[in-house]
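Trainee: Here you go, one structure.
2 protein chains.
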Amino acid sequence: MIVHPDYPPTLGATLIGPDRCRFLVWAPHAKKLELKITGPTPHVFPMQRLDRGYYELTLDGVGPGTEYFYRIDGQRDRPDPASRLQPHGVHQASAVVDRTFAWTDEDWHGIPLRQYIIYELHVGTFTTAGTFDAAIEQLDDLCELGITAIELMPITQFPGGRNWGYDGVQPFAVQNTYGGPDGLKRLVNAAHKRGLAVILDVVYNHLGPEGNYLPEFGQYFTNRYVTPWGSAMNFDDLDCDEVRRYFIENALYWIDECHIDALRLDAVHAIYDFSARPFLQELAAAIHLEGERLNRRVYTIAESGQNDPKLLTPSEVGGWGLDAQWADDLHHALRSTLVHEHSGYYMDYEGFSDIVKAYRDGFVLDGRHSKFLRHRHGRSVRDIEPYRLVVCSQNHDQVGNRLMGERLTALASFEQQKLAAATVLLSPCLPMLFMGEEYGEPAPFQFFISHLDENLVAAVRRGRKHEFASFRWKHEPPDPQAEETFQRCQLNHTLKQGGHHRVLREFYRALIQLRMSETSLTFPDRDRMTITSHDDTQTMIVEHCTAGRKLLLIFHFGAAACELTLTEAPGTWTLLLDSADPRWQGPGSELRPGEAARSTSTLHLMPFSIMVHVQPQA
Amino acid sequence: MIVHPDYPPTLGATLIGPDRCRFLVWAPHAKKLELKITGPTPHVFPMQRLDRGYYELTLDGVGPGTEYFYRIDGQRDRPDPASRLQPHGVHQASAVVDRTFAWTDEDWHGIPLRQYIIYELHVGTFTTAGTFDAAIEQLDDLCELGITAIELMPITQFPGGRNWGYDGVQPFAVQNTYGGPDGLKRLVNAAHKRGLAVILDVVYNHLGPEGNYLPEFGQYFTNRYVTPWGSAMNFDDLDCDEVRRYFIENALYWIDECHIDALRLDAVHAIYDFSARPFLQELAAAIHLEGERLNRRVYTIAESGQNDPKLLTPSEVGGWGLDAQWADDLHHALRSTLVHEHSGYYMDYEGFSDIVKAYRDGFVLDGRHSKFLRHRHGRSVRDIEPYRLVVCSQNHDQVGNRLMGERLTALASFEQQKLAAATVLLSPCLPMLFMGEEYGEPAPFQFFISHLDENLVAAVRRGRKHEFASFRWKHEPPDPQAEETFQRCQLNHTLKQGGHHRVLREFYRALIQLRMSETSLTFPDRDRMTITSHDDTQTMIVEHCTAGRKLLLIFHFGAAACELTLTEAPGTWTLLLDSADPRWQGPGSELRPGEAARSTSTLHLMPFSIMVHVQPQA
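Line order of the protein sequences matches chains A and B.
Here the numbering used here runs 4 ahead of the position in the first sequence, where the first position is 1.
Here the numbering used here runs 4 ahead of the position in the second sequence, where the first position is 1.
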């Protein structure tokens, strides 16, 4: 039985004995609430109204698989806002679920955040079957690559079977077509057995546009603020405490019952909350307390566009106390440097010098004027340990929000792809890959849906066309509702077995091994890291100094070869890795791994290359 | 010439030489902007567009009194958003103003916030003439009373001549009917000559509904958030930096050019801003820097309903760094205790025990559930020095937002009024009076306007009736637009010369003298203050202990007399003040001032009374 001092997760249908189930729902908008057990001969039972708008009923003769609705005001049958399973989709009955599971991960206590090498994946397109069970088959490969944490894009119930996940409307229900809650638990259990942590992307800023019945139950939403996706969730308006409870119970459900290790909190800049006790602070505290109780390392990782150090600042000094956040600045600087993107939000990035700034300071927009946002943006995060910023060269948004959903593979050369990978995997921040990038998967990641409401489908189609109206299309943009769009995005794992796909994957593997074996990369420390850069040649030299060992990373973002004399790094350096090595299908390298370069000697840097040298210290 | 490193206040019309004027305005919405000098033969001059949507023009032949409009897109003549004077009201031309003034307050450097005894006044009704000059005539009386800071309700240009001030639409223009900028400067100069600080109420969360032409100039407003008064000011949306500049220049204008000592920031909970660098933090920093530059003590005092210690927390640890804030909880607790108000927001206060809590902790709602707001509200402010919370038993809102605008005078007995005064003036927080309360002014303070737009007047009338629809009216509510409503609110200063009015005022004076002469009241310290309370008799005993002296405040909120034995405060105590003393028209006192009570002896507490005793320490 799950017990948390503040938030006993008792919302929804909870089996409390053989054939005995307790139903609890917050429905202050209902004048009358009944439980309807569906089946050939439906039965309707009155529920008891409790304080603060809750309704409760304990019923015998209810076991796993029993399907039910809540009947509002004697008129409307609606699925449970805290449904654990929607066997027939978002509009139909909820099902009672047996919450027990044959876990075999008793020895799992999580891994330190600092050791996360994150692999973001979308369950539906990660494999051809598109299920949790099919994903399990790929875990050994990910371990071999060096991945330590998989991050699942949202998996809560959405309309139909094809969706990125951000249109979920039953935040406690695991998507039926993926395998439901038991499927998720099988995947998490299998990951833990292999030493892999599991991050789950959860959406607490909005609900999807189809199948959202929550407003009929209570004031889950507020009109005070407007999000890009409609009404904002209610975190500081009338009765917000119950909405907070709903989402905090949700977070604890994932961690406690599903053994999830970290929550990736979608777009927290759209969680509007002006209260003295911010919801996100309360959420982080509840999750950390739960981790203590369970003796497991659990984390909160926010997605935020605010570039605000407050998110990661301890609550004792007024921050929210989250563990990490996405920091897209390095991605944008990389893109603007390598493939010369300058429209939209890329207009704020000046190329090479901003890669240097991202390495040095974490945020690029840390108070400077943003042409895109048309105001000064962000604040310095330099005092916060860099591993608490998650960086990438690709992710679902950066790939998928392009008109054609092309990956970097389709835009950058092989040498550039290797350089981008190294920039992420050897950075002082926490690296994240997007499924398939490690072998240069050619499949795009396009926007896809499978809504049941035809008007909504038409609106989404119009919206996509409108969003990209300013682009000159080479191709007709993909139809989000078409099944082919979805199928086009499925990975082809057989590719990684040969050709340049295999080489690229081996290079990723070498980078991860390097990160995990070099203390100064595993435990990056801004005070022991010196960065010098040459704007003319676009060369960035990062020197890490730890006890017993110096490490030199030479990133060359120039399209032309150039020479570099290591006058600023005296002594003899031994090559550990060179992306230009023919071993990595590069154009050729002067030195072989293990060979030494003297600091007075001149290094030849090939276009878009990365070299790593090491020097033992007395 | 005014120079601030970040915000040179150059918006508006600035005389930069004899007969030479520079005009600067932010008007990105204008495709074309012209300056129109009005007069018998108007002249129109093209303005030059600068970066970021500013328009500029320097013109010869322009001196003080020249009247002008900005002409937008060759079509619409609009007053200057940074107008310093609107000689003919909100819709008409702006006037160029000579910013120099014959100041005689060179020796004035402000007074420490801790020594503020605040007197809130509304210029229009404080005197019969309703001008700054007429207010000057009352300053000697306020000094004699012990007041150290006057607080002016908003004085920026509003429609007509009658308004509380919160409908101002030209934030830089001093209301013409009050005496314009020169009138204000005369008042401030006269105050400073008498050792009085001047606080100005400024409204940065909205503009009034009539005469607001700012949206025609630029995106001063955002649609992201909704305030009770319409669109929110834009502090974090596109181009918000220019809106911030506009208001920060405004703040510095008051402090620098008008010698204002502190800004009371209206309803900062309606200043919506999710940025990493909050506007209010930036504003506080700019004001404090300006104070340093001018070698004057200047302060920011927020009105906030959020009960959030973040406002007063230093910016170094994530707060906003404001100096003080209004804390209404003591007022509400007092009202619910003395006159049994329990509707609206009063429903959250439990009477006597909450007076004790407000004394002890500052906020009453510091995390507990609010029935009125329907969620937990606030956070503890206990770690912040109590003098940074402004408290009162009456203010313009608490009086004026009642249907009939009755003061406490009309609702509470004479003994209760004295007790309320002492609860405020002897509290560890910073006391504020509302004009006239010190002599029990019988005039109400009702809501009044003098809009020129008939539709708006009708809407306001409907709005007031709607707001009070749930009340059973004994009288027809006053018509906000009627001149009699305004006149009814004017003070009658002659009253204070006699009868119980005079006695009450003398009692206030004695309380202020006591506060300023007793170190433990002037420098309240929660760590040296012990509070014991008896719920049965509604008695609160506050013991202050400073070097050399103990002070005992015995507040009795019970309607029945009772006895108190000072067993918890051993030794011999000497009476300093007793509100029941016939000297204060009380029902009678056992002891005379200077007489001693032994701690074993029993004190007789009269209904609604306050006693102060002192005990020298070894």
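Glycine included, every Cβ here is placed at the ideal spot set by N, Cα and C.
Bear in mind the structure is a predicted one, so any value in this text is a computation, not a measurement.
#1: Go through its chain and collect everything with a Cβ distance to tyrosine 182 of chain A's Cβ below 8 Å, but skip five positions before and after it.
#2: Let's test the definition: count the other Cβ atoms within 10 Å of the Cβ of lysine 375 of chain A and tell me whether it reaches 16, buried, or not, exposed.
#3: Whole angstroms is fine: what's the gap from alanine 462 of chain B's alpha carbon to arginine 80 of chain B's?
#4: Starting from serine 537 of chain A, follow the beta strand (DSSP E) in both directions and report where the run begins and ends.
#5: What does valine 230 of chain A reach in chain B if we use C-beta pairs closer than 9 Å?
#6: Hey, is the segment 356-363 of chain B in contact with the segment 247-264 of chain A, meaning 3+ C-beta pairs nearer than 8 Å?
#7: Beta-carbon within less than 6 Å of arginine 24 of chain B's beta-carbon, same chain only, minus the 5 sequence neighbours each way: which residues are those?
#8: Under a Cβ-count criterion, where at least 16 other Cβ atoms within 10 Å of its own Cβ denotes burial, should valine 206 of chain A be classed as buried or exposed?
#9: Just the C-alpha distance for arginine 1 of chain B and phenylalanine 367 of chain B, rounded to the nearest angstrom, thanks.
#10: What are the boundary residues of the beta strand (DSSP E) that phenylalanine 27 of chain B is part of?
#11: Are the CB atoms of tryptophan 112 of chain A and histidine 196 of chain A nearer to each other than 8 Å?
#12: State buried or exposed for serine 593 of chain A, treating a residue as buried only when at least 16 other CB atoms are found within 10 Å of its CB.
#13: Counting beta carbon pairs with one atom in the segment 235-254 of chain A and one in the segment 276-284 of chain A, are three or more of them shorter than 8 Å?
#14: Which one or two residues does DSSP pair with glycine 262 of chain A in a beta bridge?
#15: With glutamine 421 of chain B as the anchor, note down where its alpha helix (DSSP H) starts and where it stops.
#16: Mind pulling the chain B residues with CB within less than 8 Å of asparagine 57 of chain A?
#17: What residues of chain B sit near phenylalanine 278 of chain A, judged by a beta carbon separation below 8 Å?
#18: Just curious, the beta strand (DSSP E) that asparagine 238 of chain A is in, first and last residue?
#19: Report the CB separation of histidine 210 of chain B from methionine 237 of chain B in whole angstroms; it is logged as a contact under 8 Å.
#20: Indicate whether at least one CB of chain B lies closer than 8 Å to the CB of arginine 249 of chain A.
#21: Let me know if proline 9 of chain B comes out buried or exposed under the rule of 16 or more other beta-carbons within 10 Å of its beta-carbon.
#22: Within the 8 Å Cβ cut-off, does aspartate 10 of chain A reach chain B?
#23: Compare the Cα-Cα distances from methionine 533 of chain B to each of B:Ala584, B:Ala601, B:Gln119 and B:Glu389 and report the closest residue.
#24: At what residues does the alpha helix (DSSP H) containing phenylalanine 490 of chain B begin and finish?
#25: Here's a check: name, in chain order, each residue in its chain whose Cβ is nearer than 7 Å to the Cβ of glycine 215 of chain B, leaving out the five neighbours to either side.
#26: I'd like the span of the beta strand (DSSP E) that includes arginine 372 of chain A, first residue to last.
#27: Could you list which residues in chain A have their beta carbon closer than 8 Å to that of valine 321 of chain B, in chain order?
#28: What does leucine 316 of chain B reach in chain A if we use C-beta pairs closer than 9 Å?
#29: At which residue ranges does the segment 104-150 of chain A contain complete alpha helix (DSSP H) runs of 4 or more residues, listed in the order of the chain?
#30: Determine the direct distance from the alpha carbon of isoleucine 76 of chain B to that of valine 48 of chain B, and round the result to whole angstroms.
#31: Go to serine 613 of chain B, then tell me how far its beta strand (DSSP E) extends in each direction, as first and last residue.
#32: So, at 7 Å on beta carbons, what are the nonlocal neighbours of arginine 468 of chain B in its own chain, with the 5 sequence-adjacent residues on each side left out?
#33: Looking at C-alpha atoms only, which residue of B:Gln329, B:Gly16 and B:Gly309 is the closest neighbour of alanine 288 of chain B?
#34: At which residue ranges does the segment 375-399 of chain A contain complete beta strand (DSSP E) runs of 3 or more residues, listed in the order of the chain?
#35: Tell me which residue opens and which closes the beta strand (DSSP E) that threonine 304 of chain B is part of.
#36: For chain A, find out if any of its Cβ atoms is closer than 8 Å to the Cβ of valine 7 of chain B; answer yes or no.
Mentor: This is what the structure gives:
#1: Around tyrosine 182 of chain A: Val127, Gly128, Gly134, Thr135, Phe136, Ile159 and Leu188.
#2: With fewer than 16 other Cβ atoms within 10 Å, it is exposed.
#3: Alanine 462 of chain B and arginine 80 of chain B: Cα-Cα distance of roughly 27 Å.
#4: Where serine 537 of chain A is concerned, the enclosing beta strand (DSSP E) stretches over 533-538.
#5: Among the residues of chain B, those whose CB is under 9 Å from the CB of valine 230 of chain A are Asn227, Arg228, Tyr229 and Val230, following chain order.
#6: They do not touch, by the three-pair rule.
#7: Excluding positions up to five away in sequence, the list reads Asp64.
#8: Sixteen is the threshold: when 16 or more other Cβ atoms of the shown chains lie within 10 Å of the Cβ of valine 206 of chain A, as they do, the residue is buried.
#9: Since the first residue of chain B shown is 5 and the last is 622, residue 1 of chain B is not available in this structure.
#10: Note, phenylalanine 27 of chain B: beta strand (DSSP E), 24-30.
#11: In contact: tryptophan 112 of chain A and histidine 196 of chain A (Cβ atoms closer than 8 Å).
#12: By the 10 Å Cβ count, serine 593 of chain A comes out buried.
#13: The answer is yes - the segment 235-254 of chain A touches the segment 276-284 of chain A, with three or more Cβ pairs under 8 Å.
#14: Checking the sequence, you will find cysteine at residue 262 of chain A rather than glycine. By DSSP's assignment, cysteine 262 of chain A forms no beta bridge with any residue.
#15: Residues 418-429.
#16: Reading off the sequence shown, one finds glycine at residue 57 of chain A, where the question assumed asparagine. Neighbours of glycine 57 of chain A in chain B, taken as residues whose beta carbon is under 8 Å from its own, are absent, since the nearest beta carbon is some 10 Å off.
#17: What phenylalanine 278 of chain A touches in chain B: His273, Tyr276 and Gln310.
#18: First-last for asparagine 238 of chain A: undefined, no H or E at that position.
#19: Sure, about 7 Å apart at Cβ, within 8 Å.
#20: Interface flag for arginine 249 of chain A against chain B is unset, since no Cβ pair is found closer than 8 Å.
#21: Note that proline 9 of chain B has pLDDT 45, beneath the 50 cutoff, so the model's placement of it is unreliable and the number below is only indicative. So proline 9 of chain B counts as exposed.
#22: The predicted model places aspartate 10 of chain A with a pLDDT of 48, which falls under 50 and marks its position as unreliable; any figure quoted below should be read in that light. It does not; no Cβ of chain B falls within 8 Å.
#23: Measuring from the Cα of methionine 533 of chain B, the nearest candidate turns out to be B:Glu389.
#24: It spans 487-492 - the alpha helix (DSSP H) in which phenylalanine 490 of chain B sits, taken as one unbroken run.
#25: Cβ within range, chain order: Val94, His95, Pro163 and Val173.
#26: Neither: arginine 372 of chain A is in no beta strand (DSSP E) and is coded neither H nor E.
#27: Simply Val321 and Gly322.
#28: Residues of chain A with a Cβ closer than 9 Å to the Cβ of leucine 316 of chain B do not exist, since the nearest Cβ in that chain sits about 11 Å away.
#29: As far as the segment 104-150 of chain A is concerned, its whole alpha helix (DSSP H) runs of at least 4 residues are 127-130, 136-140 and 143-149.
#30: Rounded to whole angstroms, valine 48 of chain B to isoleucine 76 of chain B spans 11 Å at the Cα level.
#31: Here the beta strand (DSSP E) through serine 613 of chain B covers 613-620.
#32: Only Phe451, Pro481 and Pro484 meet the Cβ criterion.
#33: Taking only the C-alpha atoms, the option nearest alanine 288 of chain B is B:Gln329.
#34: Runs of the beta strand (DSSP E) spanning 3 or more residues and lying entirely within the segment 375-399 of chain A occur at 393-395, in chain order.
#35: Its beta strand (DSSP E) spans residues 303-306.
#36: Residue confidence for valine 7 of chain B is low, a pLDDT of 40 falling below 50, so the modelled location carries little weight and cannot support an answer.
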